[in-house]
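Have a look at the structure below, then the notes.
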Amino acid sequence: MPRRRELGRGERVIPGLWRLRLALPFPGVPHCNAWALACDGGIVLVDTGMDEPGSMTELERAFDQVGLSVDDVRLVVCTHAHVDHWGQAATVCDRTGAQMWMHPNHEHGFAGATDPAVALARRLEIGRQSGVPRAALERYAERAREMPSGIARVIDPDRALVAGVSIESDLGQWTVYETPGHAPSHVCLFQPERRLLISGDHVLGRISLYFDYGWTPDPIGEFLESLDRVDRLDARLALSGHGKPFLDVHGHIEGNRRLVAERLGAALRAVADGPRTALEITPCLHDEPLSEANAGWWLPETLCYMRHLELTGRVLREPDGQVERWVAAEIVDSSN
Ligand SMILES: [Zn+2]
Ligand SMILES: [Zn+2]
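Residues 795 to 1130 (my numbering) are what the sequence shown spells out, left to right.
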């Protein structure tokens, strides 16, 4: 495990709401946020950071900087089941007796901890179908087997965090909105009087797209619908899973829509001349080259675009038993 670059940090955003910034070991994603909401002398903790050696000390340090303690936590709410958002939930709940609430479609996030071999096999199969050479897959598998899960222990949610559930706090009631796309289990929390949005990874300050592939029929379509759902809330301030709180929530939602549309367009152009694998399409969607470091993120993203284009009748899938190739539906039409 590399040395931790930074320590946990806490700061008050407004009275009764604190940002706890926690370090992550991921290149390009150095921090995540947990949010502490005052509630009747205790704290509702939204998201937890991931589990690593020393990670609880960091969470405690962040709490301590704002005059709070992990022991104040009465309820843990997770925006989604990615490790950086719920990895320490079991540790916090064990210590405080707090309940943990999460959306029931959390299998995508639990699988890596409950059955790592099956979860890895699933990722390798995505790579194989995408056209990744066998040697690169073997290197990936070797690295993946050595990586800790980031999850202290799998605990089942005490309550299903579905649309309409509300969470009490001193700032008022927060309502749950289901926002699948980034992850099948994703939810946002909205406080209507103050127009505050806890946006998780659905809408981030610095626009960055990630989608879990293979758990739901159409992550891109789901994401676009979720953007509409959140846009209608007319939030004023977003408290996101990474980065600083930000204003102009609508502008950020528009930015996400634009980037999805650009990448869908680029994906369609990439298959305009003939069948291509996800490995061949992916470099057309990004300014930086595809590498072993980003392939685990970018290939599923590409597959999500192709799946969306397939469902909307714009591309066809040509499986040849070994790899999947995608081709523009128009080419196939005109050649018939
Ligand atoms: Zn996430
Ligand atoms: Zn995240």
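Note that beta-carbon positions come from the ideal geometry of N, C-alpha and C, so glycine has one too.
Nothing here was measured: the structure is a model prediction, and the numbers come from that model.
- For Gly1035, the distance from the CB to the nearest heavy atom of ligand 2 is below 6 Å.
- CA-to-CA, the gap between Leu1073 and Val926 works out to about 7 Å.
- Fewer than three beta-carbon pairs drawn from the segment 1059 to 1068 and the segment 1015 to 1023 are found closer than 8 Å, and the two stretches are therefore not classed as touching.
- Boundaries cannot be given for Trp1009, as no alpha helix (DSSP H) includes it and DSSP labels it neither H nor E.
- Distance from the CA of Gln1116 to the CA of Leu998, rounded to the nearest whole angstrom, comes to 37 Å.
- Contact annotation: the segment 1045 to 1055 does not touch the segment 883 to 899, with fewer than three C-beta pairs closer than 8 Å.
- DSSP, read as helix, strand or coil, puts Met844 in coil.
- Counting C-beta pairs closer than 8 Å gives fewer than three between the segment 1024 to 1042 and the segment 1093 to 1105, which falls short of the contact rule.
- The alpha carbon of Val840 has as its nearest neighbour, out of Glu901, Ser1034 and Arg917, the alpha carbon of Ser1034.
- Residue side-chain check: Asp1025 keeps its Cβ at 6 Å or more from all non-hydrogen atoms of ligand 1.
- In this structure, the beta-carbon distance from Gly881 to Asp845 falls below 7 Å.
- Those residues having their beta-carbon less than 5 Å away from any non-hydrogen atom of ligand 1 are, in chain order, His876 and Asp995.
- Within the same chain, and ignoring the five residues on either side of His1046 in sequence, the residues whose Cβ sits closer than 6 Å to its Cβ are Val997.
- Spanning the alpha carbons of Arg868 and Glu962 requires a straight line of approximately 11 Å.
- C-alpha of Glu1104 to C-alpha of Ser943: approximately 33 Å in a straight line.
- When rounded, the separation of the alpha-carbon atoms in Ala957 and Val970 is 5 Å.
- Boundaries of the beta strand (DSSP E) harbouring Arg815: Leu811 to Phe820, taken from the DSSP string.
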